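Peer 1: Numbering (my numbering), first residue to last: -2 to 715. For glycine and all other residues, C-beta sits at the position ideal for the given N, C-alpha and C. Given the structure is predicted, the values throughout are model-derived calculations rather than measurements.
(1) In its own chain, which residues sit with a C-beta less than 6 Å from the C-beta of residue 483, not counting the 5 before and 5 after it?
(2) Kindly indicate which three-state DSSP category residue 699 falls into: helix, strand or coil?
(3) Assuming residue 376 and residue 443 are in contact, meaning their beta carbons sit under 8 Å apart, how far apart are those beta carbons, in whole angstroms?
(4) Quick one: any contact between the segment 173 to 191 and the segment 71 to 91, if contact means 3 or more CB pairs under 8 Å?
(5) Quick check on the DSSP output: the alpha helix (DSSP H) that includes residue 422 runs from which residue to which?
(6) Quick one, are the C-beta atoms of residue 654 and residue 646 less than 8 Å apart?
(7) Pull up the CB-CB distance for residue 187 and residue 198, whole angstroms please, since I reckon it's below 8 Å.
(8) Going along the chain, which residues of its own chain have a beta-carbon closer than 7 Å to the beta-carbon of residue 239, five neighbours each way excluded?
(9) Among 547, 596, 630 and 330, which has the Cα closest to the Cα of residue 672?
(10) If you run the structure through DSSP and keep just helix, strand and coil, what is residue 598?
(11) Residue 20: buried (16+ other C-beta within 10 angstroms of its C-beta) or exposed?
(12) Using the rule of at least 16 other Cβ atoms within 10 Å of the residue's Cβ for burial, across every protein chain shown, is residue 439 buried or exposed?
(13) Who are residue 270's beta bridge partners in DSSP?
(14) What are the boundary residues of the alpha helix (DSSP H) that residue 717 is part of?
(15) At which residue ranges does the segment 424 to 501 contain complete beta strand (DSSP E) runs of 3 or more residues, listed in the order of the chain?
(16) Exposed or buried, residue 90, counting other C-beta atoms within 10 Å across all chains shown (16 or more means buried)?
(17) On the criterion of 16 or more Cβ atoms from any shown chain inside 10 Å, does residue 46 qualify as buried, or is it exposed?
(18) What residue does the beta strand (DSSP E) around residue 173 start on, and which one ends it?
(19) Should the segment 295 to 311 be called in touch with the segment 259 to 272, which here means at least 3 C-beta pairs below 8 Å?
(20) Excluding the 5 residues preceding and the 5 following residue 400 in the sequence, name in chain order all residues of the same chain whose CB lies nearer than 7 Å to its CB.
(21) Near residue 554, which residues of its chain fall below 6 Å by C-beta distance, leaving aside the five closest residues on each side in sequence?
(22) Name the residue from 216, 652, 220 and 246 whose alpha carbon lies nearest to the alpha carbon of residue 237.
(23) Would you decide whether residue 565 is buried or exposed? Buried here means 16 or more other CB atoms lie within 10 Å of its CB.
(24) Closest to residue 322 by C-alpha separation, out of 396, 416, 337 and 335, would be which residue?
(25) Count the other CB atoms, across all protein chains shown, that sit within 10 Å of the CB of residue 516; report buried if there are 16 or more and exposed otherwise.
(26) Look up residue 178 in the DSSP assignment and give the residues it is bridged to.
(27) Starting from residue 71, follow its DSSP beta bridges and name the residues at the other end.
(28) Would you call the segment 626 to 641 in contact with the segment 683 to 694, where contact means no fewer than 3 C-beta pairs closer than 8 Å?
(29) With H, G and I counted as helix, E and B as strand and the rest as coil, what does DSSP make of residue 407?
(30) Decide yes or no for the touch test of the segment 378 to 387 against the segment 336 to 353: beta carbon pairs closer than 8 Å, at least 3 of them.
(31) CB residue 534 to CB residue 388, shorter than 8 Å?
(32) Nearest CA to the CA of residue 435: which residue from 422, 257, 160 and 445?
(33) Under 7 Å Cβ to Cβ from residue 698, same chain only, skipping five residues before and after it: list those, please.
(34) Can residue 151 and residue 140 be called in contact, C-beta distance under 8 Å?
(35) Is residue 627 buried or exposed, if buried means 16 or more other CB atoms sit within 10 Å of its CB?
(36) How would you label residue 343, buried or exposed, when you count the other beta carbons within 10 angstroms and need 16 or more for buried?
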């Protein structure tokens, strides 16, 4: 769910583990069949929090249809001890094991409805990371923790008796020590403090998945956006951020209402968490303090989480058939924001998605998009979020802009508060588009991989007073059915054609007028470019992938090289290895670095190595001059700056090397931040704050053919 929250969900691009619970509807959205069906199961749930004991006690009264002669089963955590169970006021036998609570009411108990009362208590004390080194798994293995700092209980923690009925409503009252306010899905029915306790009451009128619960010393601020309540639940140290967050929430809600339809819940709240997260829940997002204070979150990752209220929470995900919501949400938030800035920003974002795929995905960790269920590591993130976003971009190009946005509005209107799979998405798009999309969905959902294109046989000839450019596109097996843009560039502009490929190869011919441009520019072709705007999910060539932090994160073998004169760098190296999530990595002294190790492994130099030949891959855009490193247009003194850059390997094509240099003293904060700048080739920090970041320029590709012109004779540039 967030962009640089992936770094803490996504601070490298926040998370998220998506919990699909749904709250009450208060909007003008079209009423679907499921909306008109009243809840058949009602929970009256009371919970008391004991932070110093990491414990909660609960009493849940559940009204539901009589099961007849069948037993009843609820999901309830193994960490919970059941104190007693009653059905219609009488104690009954029960069995609680393996996370399931099974009841044995007398045969024929009850008429149309019965009432089940469960009393219980349990301890939730998962270790919550305050400063995690690696954030590849945004959940950190934490499902439930209760502490004096705060409370975090995912729905999957089964902290209350969870039913799997088709229609559930919950009234929740949470008692906690004075000043500790609780937040969940649904509508706040009030917060009051008396007798040293704070009571938070919530009404969740529609639940399809277990609800989560957070609590902390929150200060609450609210505003109205039409009938919607927007709110912040922030710790006192973050109160100054509240007004800007409320304004940003309103802006994103209005954006998505215009795109898709009315906001589906009664509230949206931004809730602060006591450890780094970036979760999106129905009607609220849960952001760690560090994430909340990042200045760009309000413009990027927050919108991603709000978009989930339409996709993932409003329209639910049938995860057993693939999680489509992260790809779609990424496309209509993180990507769409860039496209709306400019066409070039949109192109740059798509190129980065392709670079992420090339850097991280290998045959051994690849899998079909249709098999993605959730993010747990870099490969799952790249397939589910990045490849998913590119597939929706290609779908938009396949059906056209009007049909794409109309189909999403239809999908939302038709399936609000229902769960859907890729199958329903395909059906809606086919109905709006008016044609079958079976080949498109099959190749991009059911198969791993991406298209591999090549360009050959380019010729240029004069014809009928103009110029004719011809050539052949090829693709490696397995073949994809794709429409490939081919552009011929001239000083006067470009001429573009679409080449339909449905096999190994396809020929193309582009007629270029001989006339001059508006200011008299020559119309002679200079180059042919295939897929110039990065519109196709394809495997990039090495020449198209500037070495980056992500290049290291996808490495299968890394050696960190430490100077014998600075053995303390070994500790820094181990921290960087952990932050990057590198499993097959070692640390060696430079004097023990063997030619074989140099040749067969990616390298990280902790400080400038003695052998200058090890840095021969550093691009011309950078230079090391004594105690100064030049990065792009700026020079940075190594005496007061920390610098990290990734560049081509000194001897092995296809591998990379990196250099980290920092002044004496603690560098832990900088080392932890580096993985969150995955797309960048170089970084510079001062006083732990990023001062410079950039990507090495790319000017050549096997999919670019440049002409060299010699007196009416055309030949390919050597």
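Peer 2: According to the data block:
(1) As a first step, residue 483 is located in the chain shown; it is residue number 486 there, counting from the start. Same-chain partners within the cutoff: 494, 496, 505 and 527.
(2) Mapped onto the chain shown, residue 699 falls at position 702. Residue state, collapsed to three classes: coil.
(3) By 1-based counting over the chain shown, the position of residue 376 is 379. By 1-based counting over the chain shown, the position of residue 443 is 446. So it is not a contact: roughly 18 Å between Cβ atoms.
(4) no
(5) As a position in the chain shown, residue 422 is number 425, starting the count at 1. From DSSP, the alpha helix (DSSP H) with residue 422 extends over 419 to 430.
(6) Locating residue 654 in the chain shown gives position 657, counting from the first residue. Locating residue 646 in the chain shown gives position 649, counting from the first residue. Yes, Cβ-Cβ distance for residue 654 and residue 646 is below 8 Å.
(7) What you label residue 187 is simply residue 190 of the chain shown in a count that begins at 1. What you label residue 198 is simply residue 201 of the chain shown in a count that begins at 1. At roughly 5 Å, the Cβ-Cβ gap stays under 8 Å, so residue 187 and residue 198 are in contact.
(8) Here the question's residue 239 lines up with position 242 in the chain shown. Contacts found: 218, 229 and 231.
(9) In the chain shown, counting from the first residue as 1, residue 672 sits at position 675. Just measuring C-alpha positions, the residue of 547, 596, 630 and 330 sitting nearest residue 672 is 547.
(10) Looking up residue 598 in the chain shown gives position 601. Reduced to three states, the DSSP call for residue 598 is coil.
(11) As a position in the chain shown, residue 20 is number 23, starting the count at 1. Since pLDDT at residue 20 reaches only 28, below the 50 mark, its modelled position is unreliable, and the value read off the structure follows with that caveat. Buried, since its Cβ has 16 or more Cβ neighbours within 10 Å.
(12) As a working note, residue 439 is residue 442 in the chain shown. Residue 439 should be labelled exposed.
(13) By one-based count along the chain shown, residue 270 stands at place 273. 285, per the DSSP bridge assignment.
(14) This structure gives no information on residue 717, because the portion of the chain shown stretches from -2 to 715.
(15) 450 to 460, 463 to 472, 479 to 487 and 490 to 498
(16) As a position in the chain shown, residue 90 is number 93, starting the count at 1. Looking at its Cβ environment, which holds fewer than 16 other Cβ atoms inside 10 Å, residue 90 is exposed.
(17) Your numbering for residue 46 matches position 49 in the chain shown. Buried, because 16 or more other Cβ atoms sit within 10 Å of the Cβ of residue 46.
(18) Position 176 of the chain shown, counted from the start, is the residue given in the question as residue 173. If you look at residue 173, you'll find it in the beta strand (DSSP E) that goes 165 to 174.
(19) yes
(20) Taking the chain shown and counting its residues from 1, one reaches residue 400 at position 403. Cβ within range, chain order: 429 and 430.
(21) Within the chain shown, the letter at position 557 stands for residue 554. The residues are 581 and 598.
(22) As a first step, residue 237 must be located in the chain shown, where it is residue number 240. Measuring from the Cα of residue 237, the nearest candidate turns out to be 216.
(23) Taking the chain shown and counting its residues from 1, one reaches residue 565 at position 568. Under a 10 Å Cβ-count criterion, residue 565 is classified as exposed, with fewer than 16 other Cβ atoms of the shown protein chains found around its own Cβ.
(24) The sequence position of residue 322 within the chain shown is 325, counting from 1. Comparing Cα-Cα distances from residue 322 to each of 396, 416, 337 and 335, the minimum goes to 416.
(25) The residue you call residue 516 lines up with position 519 of the chain shown. Reliability fails at residue 516, whose pLDDT of 46 lies under 50, so the model's placement of it is uncertain and the value that follows must be treated cautiously. Counting Cβ neighbours within 10 Å, residue 516 comes out exposed, since fewer than 16 surround it.
(26) Locating residue 178 in the chain shown gives position 181, counting from the first residue. According to DSSP, which records beta bridges pairwise, residue 178 is partnered with 213.
(27) Counted from its first residue, the chain shown places residue 71 at position 74. In DSSP, residue 71 forms a bridge with 98.
(28) Yes, the segment 626 to 641 is in contact with the segment 683 to 694.
(29) Here residue 407 refers to the residue found at position 410 of the chain shown. Looking at residue 407 - three-state DSSP - the assignment turns out to be helix.
(30) yes
(31) Taking the first residue of the chain shown as position 1, residue 534 is located at position 537. Taking the first residue of the chain shown as position 1, residue 388 is located at position 391. Closer than 8 Å, so yes.
(32) Residue 435 sits at position 438 when you count from the first residue of the chain shown. The shortest Cα separation from residue 435 among 422, 257, 160 and 445 belongs to 422.
(33) Working through the chain shown from its first residue, we reach residue 698 at position 701. Around residue 698: 538, 540 and 541.
(34) Along the chain shown, read from residue 1 onward, the residue named residue 151 stands at position 154. Along the chain shown, read from residue 1 onward, the residue named residue 140 stands at position 143. Yes; because the gap between Cβ atoms is below 8 Å, this pair is in contact.
(35) Translated into positions along the chain shown, residue 627 becomes position 630. Exposed: under 16 other Cβ atoms inside 10 Å.
(36) Taking the chain shown and counting its residues from 1, the one referred to as residue 343 is at position 346. In the assembly as shown, residue 343 is a buried residue. Its beta-carbon has 16 or more other beta-carbons within 10 Å.
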